[in-house]
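In terms of numbering that gives the first Met the number 0, the sequence shown has 398 at position 399, counting the first letter as 1, and numbering is strictly consecutive. The C-beta atom is built at its ideal place from N, Cα and C for all residues, glycine as well.
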Amino acid sequence: MRNHSITRRSLLSYLDDYLQRGDAIMFAQRRGLRHVRWSYEQLVLTARRVAHELESRGIAKGERVLLCGENSPEWVAAFWGCLLRGAVVVPLDKDSTEQFVCSVRQQTDAKLIMASSGVAVIERLAAGVELLNVPLLTLDELSERIAPHTSPPCPLEDVDESTLVEIIFTSGTTSTPKGVLLTHGNLLANLLPLEAEIQKYLKWERFFHPLRFLNLVPLSHVFGQFMGVFVPQLLGGEVHFHDTLNPAEIVRQTRESRISVIVLVPRVLESLREWVERNYAARPGQIGQLDNLRERIARAERANFLRRWWMFRSVHRDFGWKFLAFLSGGATLDERTETFWRKLGFAVLQGYGMTETASLVSVTHPFKGGHGSIGKLMPGYEVKLDEAGEIFVRGASVSPGYWTAAGRINRNLDDWLHTGDMGDLDEAGNLYFKGRKKDVIVTAAGLNIYPEDLEEAINRQPEVRASCVIKWSGAHGTEPLAVLILRDSRASAEAAIERANQSLAERQWIRRWYVWTEPDFPRTATDKVIKREVVSKIEDEARAPQAGSPLGVVDGSMKGEKSDSDSSFILFLAARISGYAPSVEGKPSLKLTTDLKLDSLGRIELLSALEERYQIDIDEAAFTGATTVEEVERIVRGETEERAVPYPYPKWTRRFPLTWVGALLTYILILPITHVMSRMRVEGRRNVAGLAGPALFVANHVTLADHALILAALPARLRHRLAIAMEGELLRDWVHPPAGTGWFMQLRLLVQYLLVTTFFQVFPLPKRSGFRRSFAYAGKCVDRGDSVLVFPEGERAPRGQMHMSSFKTGIGLLAKELNVTVVPVKLHGLYELKQRQKYFAPPGVVRVVFGEPIKFDTRLKPAAIAEELECRIAAL
């Protein structure tokens with residue numbers, strides 16, 4: 000690729016490069032149970048159609064468009080479409096408040112809102128009058144809406160470095176929204192030096208191509224844009240978006256998608272560290288595994304990279320052999336977490352910057368640099384420290400000004416930008432972050448205390464899940480107040496503080512603390528704690544009438560140490576899922592089914608919500624066995640150690656030569672025997688004859704021969720690519736027989752399992768627990784082009800009738816999440832033969848009927864889809 004450091008006048012020139020990459024994958028995202036992939040060419044063509052849509056709506060250059068939603072290829076296409084039209088993007092976080100969105104809309108006089116469906120704040124505002132006269136274009140329907148636009152939009156001739164790209168408003172850190180202006184020149188000033196440097200190594204990149212980036216930072220944040228929209232594309236890489244911050248899911252996605260780099264904020268990297276430690280601690284039959292891990296990490300201090308990789312190869316196996324590095328930004332990375340991952344043999348890069356500098360000011364080298372530093376300066380920047388240690392920045396990437404309620408405010412580009420961050424520079428040019436200037440605590444003795452130093456010491460304590468340190472006006476002047484979220488409501492906060500003080504200088508000692516009873520602190524889109532809201536809540540509690548001090552002191556007794564925050568949050572989630580709000584009396588003893596009205600699908604939703612909130616991996620079998628809120632609390636706190644035997648999900652059945660062996664045996668044995676014994680008649684062939692792509696077949700279940708009958712009735716092209724769901728508990732018992740099973744029976748069951756999986760490509764679909772992994776496996780089958788056959792009632796039913804009450808929402812959810820054509824199938828005549836114990840049927844008695852294919856609207860609820868399927872099968 001040629002060097003564009005001189006010729007690029009705007010970001011739009013990158014689109015020409017993207018077109019040259021054609022059908023190479025640019026973005027990938029899991030939606031429901033499926034993966035959606037966009038090529039470089041598809042992104043450019045969609046962006047052009049978006050620009051054409053904006054042109055048809057009369058949106059002119061310089062007019063503002065609000066962009067709000069989940070990370071997705073459509074978000075990026077909308078972003079580039081606005082740039083092609085010359086419209087100014089105003090990205091908003093999907094969790095913004097109504098007041099914030101309304102304020103931004105009014106300040107910018109936005110002409111259009113482009114948002115993902117399901118963004119609660121936009122849906123609430125659209126239902127009222129707040130967004131009156133501002134059209135709403137849903138990103139989920141973007142492709143359909145812009146499909147009629149085939150001709151390219153009118154080109155813009157006057158787009159250059161000074162043209163405004165976007166206005167990024169601060170949210171959560173100030174009470175009044177203030178938008179940062181970023182131009183093409185600001186972003187190019189950061190991108191062009193990186194592009195020139197990357198070109199030197201492109202000849203080596205082909206050995207790792209394609210480099211895949213898992214971006215977990217919101218695109219509404221400039222760091223998320225930098226590492227999701229611009230930098231990976233300089234390498235011709237792929238960007239994968241993920242819809243959860245659950246550590247186990249992140250690791251699984253990294254391994255299965257062969258990710259090379261994870262882009263995240265420090266809090267997520269910390270949760271991944273905790274996941275690794277929990278995995279070691281939970282290893283069955285091995286006491287002290289976590290202590291062993293920590294000892295090995297300590298020994299790795301002087302080991303080289305290859306030695307560390309070998310020492311911790313089991314962790315590298317979890318993440319996948321292609322995974323190389325973490326790239327952290329958006330907040331300061333805890334030194335303990337950075338050291339942990341480096342000693343495990345992973346590269347850890349940390350970037351420092353802010354919205355006003357169009358992302359990065361400095362970045363660490365993966366193998367060099369000062370310990371605990373935030374790296375060396377990017378090319379094109381000047382940095383100096385004032386007498387107090389505040390960081391001043393100057394360079395071409397610094398924003399030209401702000402957008403406020405009073406209008407646009409331009410700043411002198413020759414002036415230094417006061418970052419508000421405190422730092423230090425060593426002789427080698429490494430920059431060190433000390434904290435926010437406004438957060439520095441000046442004690443009555445005139446000493447400066449940086450909250451980050453105290454937070455680092457507190458977060459090392461095993462009782463503490465998270466913490467923040469704020470200013471507090473005590474009887475003897477300003478002092479630090481530690482606000483703690485405990486891992487267990489029974490843990491001692493006082494003990495944690497006393498232990499943390501042992502690692503601090505005496506002038507830094509923490510004397511007051513407060514236990515935060517909510518599941519998490521209020522945070523910004525990049526997981527920074529909104530300390531002003533924390534202070535406000537504590538002050539309100541302190542001012543409450545007849546209330547004692549809410550604070551604990553190290554030499555006194557703790558007040559309010561027992562917290563019911565876990566049970567309160569569980570009740571809140573259950574009420575939101577079921578729509579039923581129970582009485583708060585006797586919360587721990589409330590039953591999930593009778594008191595909270597949660598069905599099987601509701602339990603899955605509750606489990607997923609708890610994993611997302613606490614960023615833990617919950618054993619689904621243990622969760623299914625929980626009957627009360629108290630038992631769920633114990634699972635969340637990790638007090639249940641036993642995990643159920645996993646269900647078998649074989650990968651070898653889809654590999655050569657077993658695929659050929661299975662197909663050959665099917666034609667030699669299964670099909671001839673099935674046709675001879677059943678002499679079946681197939682009806683509705685035309686409904687599957689023209690079926691394009693994978694489908695979901697839903698059938699009633701009568702005998703053990705149902706799989707073979709449907710397999711024989713299907714056209715060859717579908718028969719060869721069919722995965723069949725089978726009772727999960729049965730398959731698991733074949734592979735892991737109950738204790739006391741004789742060796743001969745164990746061998747027989749194993750052979751039985753091998754034959755069934757080879758012939759029929761079965762996978763487990765449990766009746767009681769483990770639905771999520773089974774559904775995910777079905778999604779993988781569909782992604783690779785296989786159809787899926789499911790028997791919704793999960794058991795053989797008399798007279799072939801459907802009995803889906805225990806699994807009704809499950810089949811509806813599966814159909815909705817797979818988002819493929821659904822074909823109802825009904826088997827006739829088998830029950831009568833079974834009753835008479837006849838193994839050979841007269842001609843025409845056994846019938847396989849294929850119903851009319853249907854594609855369900857993804858906006859339908861699972862229960863409605865299941866009900867419709869039940870009616871259609873009953874009518875066949």
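CA-to-CA, the gap between Asp616 and Asn245 works out to about 7 Å. For Phe325, the enclosing beta strand (DSSP E) begins and ends at 324-327. Ranked by how close their Cα comes to the Cα of His241, the residues Gln252, Leu191, Ile440 have Gln252 in first place. A buried status is given to Met353, since no fewer than 16 other beta-carbon atoms sit within 10 Å of its beta-carbon.
Remark: fewer than three beta-carbon pairs, one from each stretch, lie closer than 8 Å, so the stretch 816-833 and the stretch 716-731 are not flagged as touching.
Its chain contains Ala404 as the residues whose beta carbon lies nearer than 6 Å to that of Gln106, once the 5 sequence neighbours on both sides are disregarded; these appear in chain order.
Taking a C-beta distance under 8 Å as the contact criterion, Trp733 and Gln751 qualify as a contact pair. In this structure, the straight-line span from the alpha carbon of Glu540 to that of Tyr513 is close to 11 Å.
For Pro763, the uninterrupted beta strand (DSSP E) run begins and ends at 761-764, by DSSP. Each of Gly692, Leu710, Lys110 was checked against the Cα of Ala698, and the nearest Cα belongs to Leu710. Ala688 counts as exposed, since fewer than 16 other C-beta atoms from the protein chains shown sit within 10 angstroms of its C-beta.
DSSP, read as helix, strand or coil, puts Pro72 in helix.
Scanning the stretch 325-381 from its first residue to its last, the whole beta strand (DSSP E) runs of 3-plus residues come out as 346-353, 358-362. If you ignore the 5 residues before and after Ala707, its C-beta comes within less than 7 Å of the C-beta of Ile669, Thr673, all in its own chain and listed in chain order. In this structure, DSSP gives His51 a helical state, which the three-state scheme calls helix. 8 Å or more divides the Cβ of Leu268 from the Cβ of Ala280. Put simply, the stretch 516-535 does not touch the stretch 199-213. Fewer than three CB pairs are less than 8 Å apart.
Secondary structure at Arg410: coil, using DSSP grouped into helix, strand and coil. Scanning its chain for C-beta atoms nearer than 6 Å, with the 5 sequence neighbours on each side dropped, one finds around Gly843 the residues Arg680, in chain order. Its chain contains Ile617, Phe622 as the residues whose beta carbon lies nearer than 6 Å to that of Leu606, once the 5 sequence neighbours on both sides are disregarded; these appear in chain order. DSSP, reduced to helix, strand and coil, places Tyr401 within a strand of the structure shown. Within the model, the alpha-carbon separation for Gly184 versus Arg205 is close to 30 Å.
Where Ile723 is concerned, the enclosing beta strand (DSSP E) starts and stops at 721-726. For Pro714, the CB contacts under 7 Å within the same chain, skipping 5 residues up- and downstream, are Val687, Ala688 in chain order. Residue range 416-424 is occupied by the beta strand (DSSP E) that includes Asp423, with no alpha helix (DSSP H) assigned at that position. The Cβ atoms of Ala46 and Trp79 sit closer than 8 Å to each other. In its chain, beyond the 5 residues on either side, Asn500 have a beta carbon closer than 7 Å to the beta carbon of Trp508.
The way I'd put it, the stretch 17-34 doesn't touch the stretch 110-117; fewer than three beta-carbon pairs between them come closer than 8 Å.
Thr356 sits away from Pro265, with the two beta carbons spaced by 8 Å or more. Contact between Leu480 and Ser466 does not hold, since the beta-carbon distance rounds to 11 Å and is not under 8 Å. For Ser677, no beta strand (DSSP E) run applies; the uninterrupted alpha helix (DSSP H) run containing it begins and ends at 670-677, by DSSP. Membership of Leu65 in the beta strand (DSSP E) is indicated by the continuous run 63-67. In this structure Tyr351 touches Leu430 by the C-beta definition: roughly 7 Å separates them, less than 8 Å. Under the three-state reduction of DSSP output, Trp508 falls in the coil class, being neither helix nor strand. Contact between the stretch 323-342 and the stretch 157-165 is absent: fewer than 3 CB-CB pairs across the two stretches fall below 8 Å.
Take the alpha-carbon of Arg459 and the one of Glu451: they are about 13 Å apart.
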